[in-house]
Structure formats: C-alpha cells, structure tokens
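In our numbering, the protein residues as written are 1014 to 1373.
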C-alpha cells in the first residue's frame, strides 16, 4: 500500500521497522528500511523490519522531579547531545559536538519510568528517535511522523533494541550509542538514513506503554469462502472502484483470512517467496471509498510478498497467476491494533480485491 497499500500504511508515515509499511495505506508494512529482526531491532520502520534506533540525551538539573513526571532532562547519556521533551509527548535533540563511533554498543536510561518492568515477549508502544552522532543530525523520529511504533520485546528486533528494553520499565526513556552495522545488520551498507559505515548512531526509545495485541485468528491458513459471504465489487468503465457491503455482517476479529477466487487464471501458482505484480483495491468494512487502489493510476504494485502484510502471503499462496481474488484479512495479519491512520483504524478487518498479473 502506498499510503496504505498492502504494505502497511502515507499519511505516508515512515516506521522504524526491522521488517518490511502510506498517505495511502499500502499493503507494504512500511516503506522505510527497518532494522534487521535480529540484532539491532531498529525499528520497525527504519530499516528492514520494524522499528527503530536511537540516540540519547543528557539532562537538566532537576533529575528527580523529571523522573517523577516522566520528562526528559535527566542526566546520563552521551555528553555531546541532550534531549528535552516529555516521554510519549515530544523529543528534541540538542547537539554540542560529534560522537566518535563506539567499539561496542552502550545503553543508558535517561528517564526511569514508574511503570512495570517490560516482560519478555510483550509488545511496547514506543517512540523511536535516531540521530547521526558523527554529523550531529536527526535522521528519524516517530515524534515527527506523528505516531509510535509497536515493538516486540523478543528476538525479532535485534540485540540493540533488546538491550535497550532489557530490565526497562514503562514510561522510561533509554538511549543507545551504537554503529550502523550493529543497528541495521546487513542492510547497513545501503541504508536509507544516510548513515555512513564509520558514523556513530544515537538511538532513543521512549517506552510508553504495553501495546494491545490484535486477537489471534483461529487459523493461520486461508479459508475458501462463499461469494455471498463477501462484499460485491462495484465497477465503473470496466475498472473496480469500490466494494458494496450491503447485507454483509462485520466479521469477528479472530476470523482467519477468507478467500474468494472470483476469476481463476491459468498461470503458475503463486508462492509465498514470489515477487508479485498486481492491481488491487483495498477497503475497510462498510467504507464509503477504498483507502487505496491501483486501477485508476494504471500502475500495478510490484513487491515481494514477504514485504507486504502477512494476509497477502496467506491469501495468495497457491492462487494461479491471472486470477482475480477477494481477500478478507483480520487485523493480526493486517495493520494490527495501530492501524494505518488516517484511513485504516486500529483493529480493522481489511478487504482486498487483487488481480494477480505476474509472479516470479
């Protein structure tokens, strides 16, 4: 989805993702590079997968008062940069000098929150900031993007993020000084943040609160549904322009992916590992208009299925090239509890009409 293409949703917001997200929602979870789900968890929107990286700050004089209110200004972190702003509300970096690239990642707590300790496996609503410590530039901020990341405290995010969340409490602001390689893994050489191989990287995580998780579907396989259980396609001039939900009940959030093959092609069957070329239209339940579509643009989406929301891989697996398919995708395999504002609310079931043009 480009703003909301089947990737992940432009206002189009960049997400620090260690995995591969639009003011048009895009089926692509995120257009920004995300850190590798392994080692440096940047994010979900930064590098390759989902999420973040960060720099850190120094503080003001009244540390104890700041900690009690959850504000910045506490001491600690690199001397060359300080951060102001309340945790979960804002963050501004003020640089006084360049930071040398460290031999190993260092992590410090700038503000200690008064919430519970973050449990292993929890998903944390987090604002991530990343700065280039060598050039003293801000290169990524969820505060600028207008929304936090949902970051899992598990091996998906990589060692840098795991270390930043280890033992931390909700409401905390944690900073790390690291290297592009430690943060972004193999993607460091071609990262979109402009980080050079010899640069230092400052990553800040504002660990706001535990993130609600979308209900787990009762099956992780697509179910072939009856056509009359799904919305009908509305066309004008031969092209789809919307979906008509008249007579269709809104499904439970744990409903598995539902699939209706409206027209079956005679090409090779799509595999989850394929790169696909598709035309598509996406809508939420009973919406007045699609949140995104490619038909009017005359520009099919070309993307690896692995770079799109999981519901696409689940629903298109085994579908012959040349087919027209209607997919109903639960929140857990779409945009989850966060959604993709402003067009896709949290915990929204999604419908995608997809014409599979090519797969290879």
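Positions of the beta carbon are idealized from the N, C-alpha and C atoms, including for glycine.
Looking at the strands, I want to know which residues DSSP matches up with residue 1282.
As a first step, residue 1282 is located in the chain shown; it is residue number 269 there, counting from the start. DSSP output for residue 1282 lists 1333 as bridge partner(s).
Quick one: Cα of residue 1113 to Cα of residue 1147, how far?
Taking the chain shown and counting its residues from 1, the one referred to as residue 1113 is at position 100. Taking the chain shown and counting its residues from 1, the one referred to as residue 1147 is at position 134. In a straight line, the C-alpha of residue 1113 is about 7 Å away from that of residue 1147.
Does the contact criterion of 3 or more C-beta pairs under 8 Å hold for the stretch 1204-1219 versus the stretch 1263-1276?
no
Do residue 1283 and residue 1332 have their beta-carbon atoms positioned less than 7 Å apart in this structure?
For the purposes of this step, residue 1332 is taken as the residue at position 319 of the chain shown. For the purposes of this step, residue 1283 is taken as the residue at position 270 of the chain shown. Yes.
Taking buried to mean at least 16 other C-beta atoms within 10 Å of its own C-beta, is residue 1351 buried or exposed?
In the chain shown, counting from the first residue as 1, residue 1351 sits at position 338. Classification of residue 1351: buried, given that the 10 Å Cβ count is 16 or more.
Could you tell me whether the Cβ atoms of residue 1184 and residue 1127 are closer together than 7 Å?
Against the chain shown, residue 1184 aligns to sequence position 171. Against the chain shown, residue 1127 aligns to sequence position 114. Yes, they are a contact pair.
Might you give, ordered along the chain, the residues of its own chain that have their beta carbon closer than 8 Å to the beta carbon of residue 1288, omitting 5 neighbours on each side?
One-based indexing of the chain shown puts residue 1288 at position 275. Close CB contacts of residue 1288 within its chain, under the 8 Å cut and outside five residues either way in sequence, are with 1315, 1316, 1317, 1318, 1372 and 1373 (chain order).
Is the beta carbon of residue 1144 less than 7 Å from the beta carbon of residue 1151?
In the chain shown, residue 1144 corresponds to position 131, counting from 1. In the chain shown, residue 1151 corresponds to position 138, counting from 1. In this structure, the beta-carbon distance from residue 1144 to residue 1151 falls below 7 Å.
According to the Cβ coordinates, are residue 1340 and residue 1328 closer than 7 Å?
In the chain shown, residue 1340 corresponds to position 327, counting from 1. In the chain shown, residue 1328 corresponds to position 315, counting from 1. Cβ distance < 7 Å, so residue 1340 and residue 1328 count as in contact.
If you follow the alpha helix (DSSP H) that residue 1194 is in, where does it begin and where does it stop?
Residue mapping note: residue 1194 aligns to position 181 of the chain shown, counting from 1. Residue 1194 -> alpha helix (DSSP H) spans 1193-1197.
Label residue 1344 either buried or exposed according to how many other C-beta atoms from any shown protein chain fall within 10 Å of its C-beta, with 16 as the threshold for buried.
Within the chain shown, numbered from 1, the residue matching residue 1344 stands at position 331. Its Cβ being crowded by 16 or more others within 10 Å, residue 1344 is buried.
Tell me whether residue 1204 is buried or exposed, calling it buried when 16 or more other Cβ atoms sit within 10 Å of its Cβ.
Here the question's residue 1204 lines up with position 191 in the chain shown. Result: buried.
Where DSSP assigns a beta bridge to residue 1144, which residues make up the other side?
As a first step, residue 1144 must be located in the chain shown, where it is residue number 131. DSSP output for residue 1144 lists 1151 and 1215 as bridge partner(s).
Which residues bound the alpha helix (DSSP H) around residue 1175?
For the purposes of this step, residue 1175 is identified with residue 162 of the chain shown, where counting begins at 1. Its alpha helix (DSSP H) spans residues 1172-1178.
Please state whether the Cβ-Cβ distance between residue 1308 and residue 1253 is less than 7 Å.
Counting from one through the chain shown, the residue named residue 1308 turns up at place 295. Counting from one through the chain shown, the residue named residue 1253 turns up at place 240. Yes, the Cβ-Cβ distance between residue 1308 and residue 1253 is below 7 Å.
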